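Engineer: For the sequence shown, the numbering used here gives the first residue as 340, with consecutive numbering after it.
By construction, the Cβ of each residue, glycine as well, lies at the ideal position given by its N, Cα and C atoms.
Being a predicted model, the structure only gives us computed values, none of them experimental.
Pasting a structure here, questions to come.
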Amino acid sequence: MTEAKKTTGNVEMKDIANLCKRRGFIFQDSEIYGGIGSVWDYGPLGVELKKNVKDSWWERMVYERTDVEGLDAAILMNPETWKASGHIASFADLLVDCRGCKKRFRMDKISGKECPECGGELTEPRSFNLMFKTQVGSVEGQAQDVYLRPETAQGIFVNFENVLTVSRRKLPFGVAQIGKAFRNEITTGNFIFRSREFEQMELEFFVKPGEDEKWYEYWLGERMDWYCSLGIRKEHLRLREHRKDELAHYAKKCHDVEFLFPMGWAELEGIANRTDYDLKKHSELSGRDLVYFDAAAGESYTPYVIEPSGGIDRAVLAFLVDAYRTEVVRERKRVYLSLAPRLAPIKAAVLPLLKNRPEVVEMAHRLRDDLKGGYRVIYDDTAAIGRLYRRQDEIGTPFCVTVDVDSLSDGKVTVRDRDTMEQDRIEASQVKNVLKSRLGSFSE
């Protein structure tokens with residue numbers, strides 16, 4: 340292995356943001372017009388990373404289990420939904436404005452009666468609803484006010500009866516969903532950590548009252564394990580229980596899975612015991628009796644709900660931060676993303692050592708074509724080999740496969756490992772099997 344001296348020190352958010360822009364993970368939305376605050380676009384590499392995070396979650400929460408169904412509910416819902424959930428009445432922040440610098444602040448984020456920026460006078464607090472409002476209907480004066488959903492959970496609750504009927508499930512069982520949500524956040528920032536448009540991965544797990552504590556503890560461990568299984572270091576994760584004064588109105592208990600982001604410990608995912616609050620509220624307002632009949636016990640009851648709810652964008656950010664590595668190799672800084680192969684946007688890059696040799700280029704193209712299909716593989720000849728290696732290291736590609744002049748005679752190529760930089764000379768015909776064994780069964 341090439342001698343390397345690893346550097347110490349924490350990564351800064353600007354390092355992650357710069358890498359994401361430079362390499363095509365994440366762009367500022369509508370940047371050519373000056374952008375729009377806290378809204379982001381995922382570029383060619385970012386969309387692959389985000390898809391891999393979602394696929395990993397879905398496989399763990401749905402495919403590997405026998406007690407979970409999937410759902411994809413609409414973004415627009417009857418506004419009565421948000422009355423029942425409490426969002427219309429209570430989903431708001433108290434805000435104050437500075438009469439001097441004109442900046443706006445949340446009351447719970449400041450102390451004292453002066454502007455934290457300029458010391459100016461603050462206005463009286465005003466309530467600001469976090470939901471985006473729009474209208475359904477094209478005739479002026481007859482349109483109905485609706486909201487872009489602030490969470491995906493309610494789509495599951497209002498479909499509880501439908502899913503139960505068609506799936507013939509018995510308790511305990513869960514309904515999983517991945518989808519967009521929207522919050523008109525005032526306090527944003529820290530790159531994609533807090534955005535106005537974001538994506539959630541949520542599970543509502545329905546259990547018999549009295550068994551909720553057992554399942555709550557189970558999901559705490561299960562969700563922590565998922566992040567660790569995808570490479571997050573244990574020392575960068577922790578569980579923090581909510582104090583009674585910060586519990587949501589629907590929650591009996593709640594823990595946050597927190598990650599050590601560059602700005603400090605912050606929420607990555609919430610796991611809540613929502614009791615029977617949601618189903619009872621929707622039953623009351625809709626008039627539909629959302630209960631479960633337990634045939635074995637001969638009784639009906641409203642299930643309790645355990646909810647692991649995570650933000651995909653925050654998960655993407657956490658995986659990027661945790662994978663970011665720097666080291667000095669031969670007096671030059673090397674930056675690489677030590678992403679779990681399961682998450683890496685590109686699994687392998689095929690590189691010709693000499694692009695001016697048509698036979699080498701042709702062999703490299705054939706090898707790339709043989710490897711592609713099960714996962715993302717690219718061909719690149721736009722720089723010298725050393726620079727190509729650095730480029731693939733920085734975007735987290737686990738393996739580079741180099742075709743050289745000797746490959747034409749001996750049929751062998753060089754496979755380079757991203758993390759160790761070790762190189763193995765193997766038969767070109769065996770590359771597909773070797774990569775499959777190193778990348779894991781998911782690539783099949």
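1) Mapping DSSP to helix, strand and coil, what is F366?
2) Just list the residues that DSSP pairs K519 with in beta bridges.
3) Near K302, what residues of its chain come up, given a Cβ to Cβ distance below 7 Å and the 5 sequence neighbours on each side ignored?
4) Could you name each continuous alpha helix (DSSP H) segment of 4 residues or more that falls completely within the segment 598-657, going from the start of the chain to the end?
5) So if DSSP puts E766 in a beta bridge, which residue, or which two residues, is it bridged to?
6) T759 by DSSP, collapsed to three states: which one?
7) Do the segment 539-549 and the segment 629-647 make contact, defined as three or more Cβ pairs closer than 8 Å?
8) Rounded to the nearest angstrom, how far is the Cβ of V689 from that of V742, given a contact under 8 Å?
9) Can you tell me the Cα-Cα spacing of L774 and A520, whole angstroms?
10) Tell me whether A413 is buried or exposed, calling it buried when 16 or more other Cβ atoms sit within 10 Å of its Cβ.
11) Does the separation of the CB atoms of A662 and Y566 fall below 9 Å?
12) Output needed for I531: all residues of its chain with C-beta closer than 6 Å, excluding positions within five of it in sequence on either side, in chain order.
13) Ignoring anything shorter than 3 residues, give me the beta strand (DSSP E) runs that lie fully in the segment 669-712, in order along the chain.
14) My guess is that L676 and E733 are in contact by the Cβ rule of under 8 Å, so how many angstroms apart are they, rounded?
15) DSSP state of R508, grouped into three classes?
16) Measuring CB atoms only, is the segment 598-616 touching the segment 508-518, in the sense that at least three cross pairs come out at less than 8 Å?
17) Under a Cβ-count criterion, where at least 16 other Cβ atoms within 10 Å of its own Cβ denotes burial, should P697 be classed as buried or exposed?
18) S568 to L682, Cα distance in whole Å?
19) Based on the DSSP secondary-structure assignment, which residues constitute the bridge partners of K435?
20) Going straight from the alpha carbon of D411 to that of K360, what length do you get?
21) Can you give the beta carbon distance from G425 to H588, rounded, assuming they're within the 8 Å contact cut?
22) Check this for me: beta carbons of V514 and M416, under 9 Å apart or not?
23) Could you tell me the alpha carbon to alpha carbon distance between K344 and V667, rounded to whole angstroms?
24) Pull the bridge partners of D484 from the DSSP assignment, please.
25) If you measure between the beta carbons of F544 and F496, is that distance less than 9 Å?
26) Do P684 and L384 have their C-beta atoms within less than 9 Å of each other?
27) Who are the Cβ neighbours of T614 in its own chain at under 6 Å, not counting the five residues just before and after it?
28) Can you look up I355 in the DSSP assignment and give me helix, strand or coil?
29) Below 9 Å between beta carbons: does that hold for G476 and C454?
30) Assuming L706 and V754 make a contact with CB atoms under 8 Å, what is their CB distance in whole Å?
31) Check each candidate in F632, V744, A611 and C739 and name the one with the smallest Cα separation from R777.
32) Which residue wins for smallest C-alpha separation from D709, given the options S768, A635 and D756?
33) Exposed or buried, which one is T759 when buried takes at least 16 other CB atoms within 10 Å?
34) Give the secondary structure of Y566 by DSSP, where H, G and I count as helix, E and B as strand, and everything else as coil.
35) Note down the Cα distance separating D564 from W396, rounded to an integer number of angstroms.
36) Cβ of S746 within 9 Å of Cβ of V700?
Structural biologist: Result, derived from the coordinates:
1) strand
2) E538
3) Residue 302 lies beyond the stretch modelled for the chain, which goes from 340 to 783, so this question has no answer here.
4) 616-625
5) K751
6) coil
7) yes
8) 7 Å
9) 37 Å
10) exposed
11) no
12) W379, D652 and L656
13) 671-676 and 687-691
14) 7 Å
15) coil
16) no
17) exposed
18) 11 Å
19) Note that residue 435 is Val in the sequence shown, not Lys. Bridge partners of V435: F444.
20) 31 Å
21) 6 Å
22) no
23) Summary for K344: the model assigns pLDDT 48, below 50, so the residue's position carries little reliability; its value from the coordinates is reported in the next sentence. One C-alpha to the other measures close to 5 Å.
24) Q474
25) no
26) yes
27) K591 and Y643
28) helix
29) no
30) Rounded, the Cβ-Cβ distance is 11 Å, inconsistent with contact.
31) C739
32) S768
33) exposed
34) helix
35) 12 Å
36) no
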